[in-house]
Every structure is written in structure tokens, then in C-alpha cells.
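Here is the structure we will look at.
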Amino acid sequence: DGGITQSPKYLFRKEGQNVTLSCEQNLNHDAMYWYRQDPGQGLRLIYYSQIVNDFQKGDIAEGYSVSREKKESFPLTVTSAQKNPTAFYLCASRAALGSNQPQHFGDGTRLSIL
Amino acid sequence: AQSVSQHNHHVILSEAASLELGCNYSYGGTVNLFWYVQYPGQHLQLLLKYFSGDPLVKGIKGFEAEFIKSKFSFNLRKPSVQWSDTAEYFCAVTDTDKLIFGTGTRLQVFP
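If you're matching them up, the sequences are chains A and B in order.
Counting the first sequence from 1 gives a position; my numbering is that position plus 93.
Counting the second sequence from 1 gives a position; my numbering is that position plus 62.
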């Protein structure tokens, strides 16, 4: 079945540590997105990528980094510069640049600070 | 930039009650509108979408939404809710190649 796989499901980070969240899709989608979900704040866009080797900052990119070396993969690194990283992180993808197709979401990764 | 407002943060209903969740977006022009649902412990799923045409759109599980351009609104409705509708509901609107989400409405349905 086609879909989006996020791993791990739960992740713990120590102070000062960088951690990387994985997102893989086999839907052959061009565009991929990372969101952060906090209670009462909905989903806020961190980074997005419309094609391989290109990505743009979203609304809350500070303290995060991404790469898009392959079409199917869009890993997110939460760096030590992100002072409040505890949240639920969602990865999404969409068929094509500029399309009006809906985004498909993964199951999410819950990140907590030790 | 586009923004989305969901005015109902937490809604509590009994089974068989009718539901209407409000969603307003900030500016007009051509918009694509979505409602997503997140059931407890599950990923976000698309309930319904509006791109053009009939402003009354029907989605899965008996949900529908009405696009009212003059009011910049896209309210979600269901005539009779069930306990299984307990979830968080998000309205979203496209802004160029991004999707802007509202803050969500938590719906609790009691038997």
C-alpha cells in the first residue's frame, strides 16, 4: 500500500542534542512538508520541499533543518537551537507542485525532552 | 498571508445531536479548502475538499461543508453525530503551495 512512513513513533532528546526524524513516502509525490502540532495551536509549517534538492522555510523554521536528496525522503533534524522541541511532528506529501490535490499525512513522531 | 480561524475550540455533544463547526479564512480569490480529521491515535485524514463548482460538498462519514464566498467561510456540518465522531477537526486553506491550518476543534460525543 502507498503511504507515508514516519519513524520513530516516539523520540527522546537530551539537552544540547540534535535528533533526526525520518519521513519516507512511496506515493511518488513531488512535494513534502513538515508540520509541528501543539495543543491548541493546530499545525504549523516548519519546512517544505517541492522538488528534490530544494526546500523552503515555513512559518517556524528556526532551530530545524531538512534535506531532500531523494524524492521519497524528507528527513527533519531538530537541532539544539530549538529551545522548545517537545511536540508532535507530522510529515505530509502532495502529488505535484501547484496542484490542488490534498496532502497525505504520516502517523507522526512524538518528540520529548529528557 | 492567508490565515484560518476556527472559533469553536472544544465542542461537546450527545449522540444524534447536529454538528456545525465554523471555519473562516482571511482573504478571497481562488481558494482550495479542506477539512481534515484526526481520530485519537490516528493520522490526519481528509474529510472533504472544495476546489470549485457546487459550494455544498459532501465528504466521508456523512459530513458536508458549505463554501460561502461572501462570508469567507467553509463550515463543516453533520446532521446526527455518533460517538465514533469524537476527534479533532482541522480546517485548512491553500496559500500558493502551502496549506494553512486552523487551530483545530476538539469534538467529544457522549453516548
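Every residue, glycine too, gets a C-beta built ideally from N, C-alpha and C.
Residues sharing a beta bridge with residue i, DSSP
i	result
ALA200 of chain B	One cannot answer for residue 200 of chain B here, as it falls past the ends of chain B, which runs 63 to 173.
ASN86 of chain B	B:SER67, B:SER135
LEU106 of chain B	Answer is none; LEU106 of chain B lacks a bridge partner.
ASP159 of chain B	Answer by DSSP bridge pairing: none, since ASP159 of chain B is not bridged.
TYR101 of chain B	DSSP lists no partner for TYR101 of chain B.
HIS197 of chain A	A:SER186
Cα-Cα separation between residue i and residue j, rounded to whole angstroms
i	j	result
ARG187 of chain A	ASN121 of chain A	9 Å
GLY164 of chain B	HIS72 of chain B	13 Å
SER67 of chain B	TYR87 of chain B	6 Å
LYS133 of chain B	LEU83 of chain B	15 Å
ASN146 of chain A	LEU161 of chain B	21 Å
LEU138 of chain B	GLY109 of chain A	43 Å
TYR89 of chain B	LYS107 of chain A	42 Å
Check: residue i C-beta below 7 Å from any heavy atom of the ligand NAP
i	result
LEU161 of chain B	Of ligands this structure carries none, so the ligand NAP is not represented either.
Own chain partners of residue i with C-beta closer than 7 Å, once the 5 adjacent residues on each side are dropped
i	result
GLN194 of chain A	ARG187, ALA188
LEU108 of chain B	PHE96, TYR98
PHE181 of chain A	GLN130, GLY201, ARG203
SER173 of chain A	GLY109, GLN110, ASN111
ALA79 of chain B	VAL143
Beta-carbon contacts of residue i that lie in its chain and below 6 Å, excluding the five residues immediately before and after
i	result
GLY166 of chain B	GLU150, PHE152
THR113 of chain A	PRO168, THR170
Residue i, buried or exposed, once every other Cβ within 10 Å from all chains shown has been counted against 16
i	result
GLN149 of chain A	exposed
Contacting residues, own chain, Cβ-Cβ under 8 Å from residue i (five flanking each side not counted)
i	result
THR179 of chain A	LEU204, SER205, ILE206
ASN25 of chain B	Past the edges of chain B, shown from 63 to 173, lies residue 25 of chain B, and the structure says nothing about it.
Q | Interface residues of the segment 83–96 of chain B facing chain E [CB-CB below 9 Å] | A | The structure shown contains no chain E; the protein chains it does contain are A and B.
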